[in-house]
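A short write-up of the structure that comes next.
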Amino acid sequence: MDAQEIKFFEGLSDILIAPMLTQETTTTEPTYDAVIQLPIATKLAIKGNGSTLEKYASSKLFRSISRETKHEIGLDHVGIPVDLLDKLKDLKASKGVTFSNTKAKQYPFFAFGFIGNIEGGAQMAVWYPKVQLSNVIDEEYVTTEAEIDIKDVTANLVAYGLNIEPNNMFATFNSLRDTAAGVTLDKFIKQPVISESQWNELAAATGGGGGK
Numbered sequence: 000m001d002a003q004e005i006k007f008f009e010g011l012s013d014i015l016i017a018p019m020l021t022q023e024t025t026t027t028e029p030t031y032d033a034v035i036q037l038p039i040a041t042k043l044a045i046k047g048n049g050s051t052l053e054k055y056a057s058s059k060l061f062r063s064i065s066r067e068t069k070h071e072i073g074l075d076h077v078g079i080p081v082d083l084l085d086k087l088k089d090l091k092a093s094k095g096v097t098f099s100n101t102k103a104k105q106y107p108f109f110a111f112g113f114i115g116n117i118e119g120g121a122q123m124a125v126w127y128p129k130v131q132l133s134n135v136i137d138e139e140y141v142t143t144e145a146e147i148d149i150k151d152v153t154a155n156l157v158a159y160g161l162n163i164e165p166n167n168m169f170a171t172f173n174s175l176r177d178t179a180a181g182v183t184l185d186k187f188i189k190q191p192v193i194s195e196s197q198w199n200e201l202a203a204a205t206g207g208g209g210g211k
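The sequence shown begins at 0 in numbering that gives the first Met the number 0 and counts up by one.
In structure tokens, the structure reads:
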């Protein structure tokens, strides 16, 4: 691709969710259940917490150091399967009913990803390997009207960096990159991508499937 050529983002496609089976440590990688691909997204908003430390010496800028430790993700969607949503909230249904209380708890972690379509048939995708549902509730219920309308629902997520070095927070694939030649989107979305070494193995592999 010509470095000066500009391709526009056509639209958001499917989202990806993979429940985390075992959490990572400082020396071991996380493991995941199979990836669930859902055609439910209508809008995705991402807000980072980036900050910059500026250090001056001799009245001149000596260093400008930036850091980002989490992303807040707002997902507008038409609905998430109830059994999956219960799993992400760590809720156990009893005869169709779940209960929530005021006790402190940690929501389960999972990997979250999304796919985007780019002009000319190109595609991009992002994996966040360590995500939780936010405990900030932002829900709205409205009555039906005479005209048919499918209302969006918002899910608020928080993405963090992994504890294992180099503390990756997300990975981005774009088929327009020169280095993406010979690599398909399917390989990137087959399982959560958490590190460069793991991705190199996935990209080089032939066939196979399932979650890590």
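In this text, a Cβ means the ideal position worked out from N, Cα and C, and glycines have one as well.
Remember, it's a predicted structure, so these values are computed and weren't measured experimentally.
Span of the beta strand (DSSP E), counted from its first residue to its last, around residue i
i, result
"F98", "Premise fails: F98 is in no beta strand (DSSP E) and is neither H nor E."
"F187", "Taken as a continuous stretch (DSSP letters only), F187 belongs to no beta strand (DSSP E), being part of the alpha helix (DSSP H) at 184-188."
"T116", "Note that residue 116 is Asn in the sequence shown, not Thr. Element bounds for N116: 109-117."
"G160", "It is not in any beta strand (DSSP E) - G160 carries neither H nor E in the DSSP assignment."
"N173", "170-173"
"A17", "8-21"
Proximity to residue i [Cα-Cα], best of the options
i, options, result
"I16", "K186, Q36, D185", "Q36"
"S222", "D75, S50, H70, G73", "As displayed, the chain neither begins before 0 nor continues past 211, which places residue 222 out of reach and without an answer."
"A179", "K150, L90, A121", "A121"
"K102", "L43, S58, K129, N134", "N134"
"M43", "P29, S174, D151, I136", "Contrary to the premise, residue 43 reads as Leu rather than Met in this sequence. If we check each option's Cα against that of L43, D151 comes out closest."
"V182", "I163, L161, T205", "T205"
"L131", "V125, E118, K86, N100", "Note that residue 131 is Gln in the sequence shown here, rather than Leu. Nearest option by C-alpha distance: K86."
"T27", "A202, S194, I163, K186", "I163"
"F127", "E53, A203, D148, K69", "Checking the displayed sequence, the identity of residue 127 turns out to be Tyr instead of Phe. Ranking the options by Cα distance to Y127, first place goes to K69."
"K129", "E23, K6, V141, F7", "E23"
"L6", "L175, A202, A203", "It is Lys, not Leu, that sits at residue 6 in the sequence shown. Taking only the C-alpha atoms, the option nearest K6 is L175."
"L11", "A56, S194, P38", "P38"
"D13", "T41, T30, T25", "T41"
"V77", "I188, T171, I149, K189", "I149"
"A222", "Y55, I136, K186", "Not covered by the structure: residue 222. The range shown for the chain is 0 to 211."
"F172", "T143, P29, I117, I136", "I117"
DSSP three-state assignment for residue i, whether helix, strand or coil
i, result
"A179", "helix"
"A202", "helix"
"E71", "strand"
"G49", "coil"
"S63", "strand"
"S57", "coil"
"Q122", "strand"
"Q131", "strand"
"Q36", "strand"
"G207", "Residue confidence is low: G207 scores 43 on pLDDT, short of 50, so the model does not pin down where it sits. No coordinate-derived value is stated."
Boundaries (first-last residue) of the alpha helix (DSSP H) holding residue i
i, result
"K86", "81-88"
May I ask you to verify whether the stretch 90-107 touches the stretch 159-169, counting CB pairs closer than 8 Å and requiring at least 3? The stretch 90-107 and the stretch 159-169 do not touch, with fewer than 3 CB-CB distances between them shorter than 8 Å.
Check whether the stretch 5-19 touches the stretch 107-121, taking contact to mean three or more Cβ pairs, one atom from each stretch, closer than 8 Å. yes
Is there contact between the stretch 197-204 and the stretch 144-156, where contact requires at least three CB pairs shorter than 8 Å? no
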